[in-house]
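Here is the structure we will look at, set down as structure tokens.
There are 2 protein chains.
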Amino acid sequence: MIDEKGILFILSGPSGVGKGTVRRELFEKANDLKYSISMTTREKRAGETEGIDYFYKSKEEFETLIEEKQLLEYAQFVNNYYGTPRKYVEDTLADGHDVFLEIEVQGAMQVKENFPEGVFIFLFPPSLEELKNRIVSRGTESKELVLQRLREARKEIEMMDAYNYVVVNDHVDSAVSKIQSIIQSEHCKRDRIAKQYKQLLEDEMK
Amino acid sequence: MIDEKGILFILSGPSGVGKGTVRRELFEKANDLKYSISMTTREKRAGETEGIDYFYKSKEEFETLIEEKQLLEYAQFVNNYYGTPRKYVEDTLADGHDVFLEIEVQGAMQVKENFPEGVFIFLFPPSLEELKNRIVSRGTESKELVLQRLREARKEIEMMDAYNYVVVNDHVDSAVSKIQSIIQSEHCKRDRIAKQYKQLLEDEMK
Numbered sequence: 002m003i004d005e006k007g008i009l010f011i012l013s014g015p016s017g018v019g020k021g022t023v024r025r026e027l028f029e030k031a032n033d034l035k036y037s038i039s040m041t042t043r044e045k046r047a048g049e050t051e052g053i054d055y056f057y058k059s060k061e062e063f064e065t066l067i068e069e070k071q072l073l074e075y076a077q078f079v080n081n082y083y084g085t086p087r088k089y090v091e092d093t094l095a096d097g098h099d100v101f102l103e104i105e106v107q108g109a110m111q112v113k114e115n116f117p118e119g120v121f122i123f124l125f126p127p128s129l130e131e132l133k134n135r136i137v138s139r140g141t142e143s144k145e146l147v148l149q150r151l152r153e154a155r156k157e158i159e160m161m162d163a164y165n166y167v168v169v170n171d172h173v174d175s176a177v178s179k180i181q182s183i184i185q186s187e188h189c190k191r192d193r194i195a196k197q198y199k200q201l202l203e204d205e206m207k
Numbered sequence: 002m003i004d005e006k007g008i009l010f011i012l013s014g015p016s017g018v019g020k021g022t023v024r025r026e027l028f029e030k031a032n033d034l035k036y037s038i039s040m041t042t043r044e045k046r047a048g049e050t051e052g053i054d055y056f057y058k059s060k061e062e063f064e065t066l067i068e069e070k071q072l073l074e075y076a077q078f079v080n081n082y083y084g085t086p087r088k089y090v091e092d093t094l095a096d097g098h099d100v101f102l103e104i105e106v107q108g109a110m111q112v113k114e115n116f117p118e119g120v121f122i123f124l125f126p127p128s129l130e131e132l133k134n135r136i137v138s139r140g141t142e143s144k145e146l147v148l149q150r151l152r153e154a155r156k157e158i159e160m161m162d163a164y165n166y167v168v169v170n171d172h173v174d175s176a177v178s179k180i181q182s183i184i185q186s187e188h189c190k191r192d193r194i195a196k197q198y199k200q201l202l203e204d205e206m207k
């Protein structure tokens with residue numbers, strides 16, 4: 002009906018809170034949401050496709066893009082860069098699609114700086130006890146690492162103030178339903194759409 | 002889980018837009034929403050109950066409440082006062098229930114002044130043509146009155162800027178679903194709940 006731009010949604014929260022599970026469930030239900038495609042300098046693996054799994058770049062290309070502020074956020078892991086290309090996000094939004102980004106807290110803070118008009122959703126653990134259980138049950142971390150991750154989680158929770166919404170991940174279904182509501186209601190925000198609606202009526206009166 | 006206060010939601014929009022229909026559908030689906038009970042000076046009719054249909058007051062009592070700013074909004078029709086008592090709304094919110102108010106644009110503007118922390122939803126006609134059809138199809142208005150109502154509607158649409166959300170009433174089901182999303186997402190707003198969540202974790206760490 003009206004020519005509406007898409008919205009960038011950023012889901013983040015402490016490690017162990019269940020961001021990935023919530024994102025996968027959400028994407029099974031919300032089929033008009035586009036997942037943000039990352040850019041990387043790591044080698045393309047068999048079966049992967051440019052522009053679907055990742056955008057593949059050389060180290061030099063990636064560093065030029067960093068300098069040109071063409072990444073909403075980036076980080077380095079095991080000698081490779083990973084990041085969120087601004088151009089893909091902006092083009093997809095301009096086409097009228099929402100973009101969804103699931104990301105660690107540090108990355109989300111970078112996105113906040115580079116794209117403050119995004120809608121930031123903090124996934125909150127039902128309790129610290131439960132967060133600890135989830136980290137432990139992965140089975141991949143030593144006792145020392147679990148404690149370190151918990152300390153980090155507590156620091157990350159302090160960053161909640163930079164977010165627009167807080168969703169408790171007590172049940173995946175309930176968290177997904179809340180995120181769907183946030184997406185739908187953000188599209189009803191008066192400051193996003195009032196101008197276009199008024200225009201619509203004015204055109205009708207001509 | 003946390004001790005959350007209710008939220009006051011105000012649904013308004015030009016006459017003929019279908020506020021009443023949307024509100025009735027919403028209440029069939031959202032059973033934990035409390036409808037705001039009005040106060041009136043008109044006589045109690047057979048079958049009506051104090052505190053369910055209305056709060057009944059004498060003209061003198063009502064005017065005292067107006068002076069004491071105990072009404073979020075009020076108006077006079079056919080020599081009787083009708084209004085929204087602040088106390089009922091505040092007590093219900095304090096009990097943790099959301100309150101829902103469906104009201105004309107003039108009244109909503111009064112509520113905005115007296116209770117700016119409410120969440121204001123503007124119900125928008127799919128088109129002026131459709132709004133005209135709806136007013137005409139009521140069959141109760143003369144041609145002159147229809148035109149007058151349309152002129153009023155256009156003025157009322159200008160007041161959209163005072164609202165938080167705009168929902169198009171193209172299909173009742175879709176409008177109701179959007180309002181349900183607004184209600185759910187408002188409860189996830191960080192500024193409403195972050196403090197309590199942080200407190201929760203701090204209590205756990207003691």
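Protein chains in written order, with the working numbering: chain A, 2 to 207; chain B, 2 to 207. The beta-carbon is built from N, C-alpha and C at its ideal position, and this holds for glycine as well. Bear in mind the structure is a predicted one, so any value in this text is a computation, not a measurement.
Your pair A:F101 and A:L12 checks out as a contact, with CB atoms roughly 7 Å apart and the cut at 8 Å. Here B:N170 really is in contact with B:L124; their C-beta atoms are around 5 Å apart, less than 8 Å.
For B:Q77, the beta-bridge partners assigned by DSSP are B:Y82. DSSP places A:I122 in the uninterrupted beta strand (DSSP E) bounded by V120 to F125. Excluding the 5 residues flanking it on each side, B:R191 has no same chain C-beta neighbour closer than 6 Å.
Within the same chain, and ignoring the five residues on either side of B:I53 in sequence, the residues whose Cβ sits closer than 8 Å to its Cβ are I38. Secondary structure note for B:K35: it is in no alpha helix (DSSP H), and the uninterrupted beta strand (DSSP E) holding it is L34 to Y36. In the DSSP assignment, B:V168 forms a beta bridge with B:L124. Residue-level contact check: A:L148 does not touch chain B, since none of the beta carbons of chain B fall below 8 Å from its beta carbon. B:R152 sits away from B:I136, with the two beta carbons spaced by 8 Å or more.
Per the coordinates, the alpha-carbon of B:E114 lies some 21 Å from the alpha-carbon of B:I183. Rounded to the nearest whole angstrom, the C-alpha separation of B:G97 and A:H98 is 36 Å. Under the three-state reduction of DSSP, B:S13 is assigned to strand. A:S13 does not reach chain B, its nearest Cβ partner there being about 12 Å away, counting only Cβ pairs nearer than 9 Å. With 16 or more other CB atoms across the displayed protein chains lying within 10 angstroms of its CB, A:I194 is buried. Apart from the 5 residues on each side of it in sequence, B:Y55 sits with its Cβ closer than 6 Å to the Cβ of S39 and T41 in its chain, given in chain order. In this model, B:S178 and A:K30 are separated by some 16 Å (Cα to Cα). At a cut-off of 8 Å between C-beta atoms, A:Q185 counts as an interface residue with respect to chain B. Distances from the alpha-carbon of A:H172 to those of A:G7, A:P15, A:K20 and A:E159 put A:K20 closest.
Excluding its 5 nearest sequence neighbours in each direction, B:E157 has C-beta neighbours in its own chain below 6 Å: P15 and V106, listed in chain order. Listed in chain order, the positions of the stretch 156–172 of chain A with a beta carbon within less than 9 Å of a beta carbon of chain B are I158, E159, M161, D162, A163, Y164, N165, Y166, V167, V168, V169 and D171.
Taking all protein chains in view, the Cβ of A:Y75 is crowded by 16 or more other Cβ atoms within 10 Å, so the residue is classified as buried. With respect to chain A, the C-beta atom of B:F101 has no partner C-beta closer than 8 Å. B:G84 sits buried, since 16 or more C-beta atoms from the chains shown fall within 10 Å of its C-beta.
The continuous beta strand (DSSP E) containing A:D99 extends over residues D99 to E103.
With its beta carbon at least 8 Å from every one in chain A, B:R135 lies outside the interface. Note on B:S59: under 16 other CB atoms within 10 angstroms of its CB, so exposed under the neighbour-count rule. Counted as a single uninterrupted DSSP element, the stretch harbouring B:V18 is not any alpha helix (DSSP H), since DSSP gives it neither H nor E. Burial check for A:R24: the Cβ neighbour count within 10 Å reaches 16 or more, so the residue is buried.
The Cβ atoms of B:L73 and B:L66 lie no closer than 8 Å to each other. Interface flag for A:E205 against chain B is set, since a Cβ pair is found closer than 8 Å.
According to the DSSP assignment, B:D174 belongs to the alpha helix (DSSP H) that extends over V173 to E187. In the DSSP assignment, B:M110 falls within the unbroken alpha helix (DSSP H) covering V106 to N115. For A:S138, the uninterrupted alpha helix (DSSP H) segment begins and ends at L129 to S138. Per DSSP, the beta bridge partners of A:K190 are B:Y166. Here A:L129 really is in contact with B:E205; their C-beta atoms are around 5 Å apart, less than 8 Å.
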